[in-house]
Amino acid sequence: MRVLVTGARGMLGWDVCRVFAARHEVIPTHRAELDLTDTAATLAYLRERAPGVIVHCAGYTNVDQAEQEPEAAFAGNVLTTWNVVRAAQDTGSLVVYISTDFVFDGTQERPYHEFDAPRPLGVYAQSKWAGEQLVRSHLQRFFIVRTAGLFGLHGRNFVAAILERAEQGQPLRVVSDQVCCRTYTVDLAEALLELIDCPLFGTYHLTNAGYSSWYDFAREILAAAGLEEVSVQPISSAAWDGPARRPAYSVLDNLCWRLTGHQPLRPCAEALRDYLAARQVPNSH
Ligand SMILES: NC(=O)c1ccc[n+]([C@@H]2O[C@H](COP(=O)([O-])OP(=O)(O)OC[C@H]3O[C@@H](n4cnc5c(N)ncnc54)[C@H](OP(=O)(O)O)[C@@H]3O)[C@@H](O)[C@H]2O)c1
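As C-alpha cells, this is what we get:
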C-alpha cells in the first residue's frame with residue numbers, strides 16, 4: 007500500500023518512514039516540500055499521490071512556546087490536520103492522527119482509557135484535542151493515537167537532554183510530581199504498522215508499558231547509561247518555571263489496543279536499553 011507520512015523529518019515521522027518501508031511504499035513529506043498549513047498545496051499534493059494511508063506525524067510540538075503563540079500552535083496542529091482531513095475526504099485515505107496524553111487534566115486517580123473525558127490544560131493540549139475532534143467528526147476511516155513521552159534517535163527528547171546535561175556535568179533538576187508513560191518511537195512505529203490493518207477504527211492509547219515521575223525516569227536513564235553517580239534534584243512543578251500547565255497524572259491505559267487483540271507494548275525499561283544502544287552506533291537507523 008502507498009503510505010504518506012507527514013512530519014517525516016521529525017522524531018516519530020522518521021521512524022515511521024523507516025519501519026513502514028519494510029512493508030509499504032512510503033512517501034515521506036516534510037515542511038520544506040509541503041507546508042501543511044497551505045490548504046491548496048496540501049489538497050493538490052495529496053490528490054496527486056492518492057495514498058491509501060496518511061500517517062500524520064507533523065505538528066506543532068513546543069508545549070511551553072505554545073502559550074506565547076497560540077495561533078501558531080493552532081495553525082500547526084489544527085489547520086494542518088484540517089487540510090489533511092479534507093484531502094483524505096477526496097482521496098479516501100485512512101488517516102492516522104497522533105495525539106497526546108496531555109488532552110487529559112491529570113486529576114484522575116487511575117490510568118486514563120480511551121473513553122475517559124479529555125480536559126486539556128494548556129494551548130498545545132487544546133490544539134491537539136481540537137485536531138482530534140476534526141478527525142473524528144469528518145472522517146469514518148481514522149485512527150487517533152494518543153501517545154506520551156516520546157524518545158527516539160531523530161529529535162530532541164527528555165532522555166537525550168538528561169544524558170547531555172549529565173555528560174556536560176550540568177546540574178539536573180527534574181519534576182517529581184508529574185507521572186506519565188513513555189514511548190520509544192521505534193516501538194510506536196511498529197505498533198502503528200499493525201494498527202493500520204485493524205478494522206476497528208477509532209481512538210487508541212499506545213505507549214510502552216509502565217509509568218513513573220520524570221524524576222524517577224531521569225534516575226532510571228542515568229542508571230541504564232552507567233551514570234548512577236550523577237545526582238538529580240527532585241523539584242515540584244511549581245518550582246519548575248514553565249509557562250504551560252501540564253497534567254500531574256496522565257498515565258494512558260492501552261485498553262483498546264488490548265481489547266482488539268494486540269500484545270501490549272514492551273516495558274519502557276527494555277525500550278530504553280535499545281534506544282541507548284542505538285545511540286552508541288554512529289548513523290544508526
Ligand atoms: N514528543 C512527545 O513526547 C510527544 C508526546 C505525545 C504526542 N506527540 C505527538 O506526536 C507527533 C510527533 O511528535 P514528534 O516529537 O516526533 O514531533 P517533532 O519531532 O517536533 O516533529 C514534528 C514535525 O512536524 C513538522 N511540521 C510542523 N508544522 C508543519 C507544517 N505546517 N507543515 C509541514 N510540517 C510541519 C515539523 O517540521 P519543522 O521542524 O520544520 O517545524 C517537524 O518535522 C506530534 O503530533 C506530537 O504532538 C509527541
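Numbering of the sequence shown is given in our numbering, commencing with residue 7 and proceeding in unit increments. Beta carbons are placed, not taken as given, at the ideal position from N, Cα and C, and that holds for glycine. This structure is a prediction, so every number in the text was calculated from the model and none was measured.
query                                                                                                                                                           : result
Check Val23 in the structure and name its three-state DSSP category.                                                                                            : The residue asked about is misnamed: residue 23 is Cys in this sequence, not Val. The answer is helix: DSSP assigns Cys23 an H, G or I state.
Return the Cβ separation of Val238 and Ala224 in integer angstroms, given the expectation that the two are a contact with Cβ distance under 8 Å.                : 5 Å
For the candidate residues Leu278, Asn260, Arg29, Asp203, whose alpha-carbon lies nearest to that of Ala166?                                                    : Leu278
When you compare the segment 170-183 with the segment 196-214, are there three or more beta-carbon pairs, one atom per stretch, that lie closer than 8 Å?       : no
Is the beta carbon of Val84 sitting closer than 8 Å to the one on Ala136?                                                                                       : yes
Which partner residues of Arg8 appear in the DSSP bridge assignment?                                                                                            : Glu31
For Val61, which residues does DSSP report across the bridge?                                                                                                   : Val11, Val102
Within 7 Å: the Cβ of Gly112 and any heavy atom of ligand 1?                                                                                                    : no
Verify the contact flag: Leu199, CB atom, against every heavy atom of ligand 1, threshold strictly below 7 Å.                                                   : no
Between which two residues does the beta strand (DSSP E) holding Gly175 run?                                                                                    : Neither: Gly175 is in no beta strand (DSSP E) and is coded neither H nor E.
Near Val91, which residues of its chain fall below 7 Å by C-beta distance, leaving aside the five closest residues on each side in sequence?                    : Val101, Leu140, Val141, His144, Leu145
What is the rounded straight-line gap between the Cα of Ala56 and the Cα of Val180?                                                                             : 45 Å
Looking only at its chain, what residues have a beta carbon closer than 7 Å to the beta carbon of Gly82, apart from the 5 residues adjacent to it on each side? : Gly65, Tyr66
Roughly how many angstroms lie between the CA atoms of Glu73 and Leu233, to the nearest whole one?                                                              : 35 Å
Suppose you measure from the CA of Gly248 to the CA of Thr87; what does that come to, to the nearest Å?                                                         : 27 Å
Provide the residue(s) that pair with Phe108 in DSSP beta bridges, ordered along the chain.                                                                     : In DSSP, Phe108 forms no bridge with anything.
What span of residues does the alpha helix (DSSP H) with Thr97 cover, start to end?                                                                             : 86-97
Could you spell out the range, first to last residue, of the alpha helix (DSSP H) harbouring Phe223?                                                            : 220-230
Specify, as a first and last residue, the run of the beta strand (DSSP E) that Gly208 falls within.                                                             : 208-211
Are His160 and Met7 touching if we call contact CB-CB under 8 Å?                                                                                                : no
Name, in chain order, the residues that DSSP records as bridge partners for Leu282.                                                                             : Per DSSP, none; premise fails for Leu282.
Give the straight-line distance between the Cα atoms of Glu200 and Leu212, rounded to the nearest whole angstrom.                                               : 12 Å
Closest to Ser243 by CA distance: which of Val185, Val192, Phe110, Arg285 is it?                                                                                : Val185
At a cut-off of 7 Å, is Cys187 close to ligand 1 when judged by its beta-carbon and the heavy atoms of the ligand?                                              : no
Can you name, in chain order, every residue of its own chain whose Cβ lies under 6 Å from the Cβ of Arg162, other than the five neighbours on each side?        : none
Using the beta-carbon count (16 or more within 10 Å), is Phe121 buried or exposed?                                                                              : exposed
Give the straight-line distance between the Cα atoms of Gln176 and Val32, rounded to the nearest whole angstrom.                                                : 41 Å
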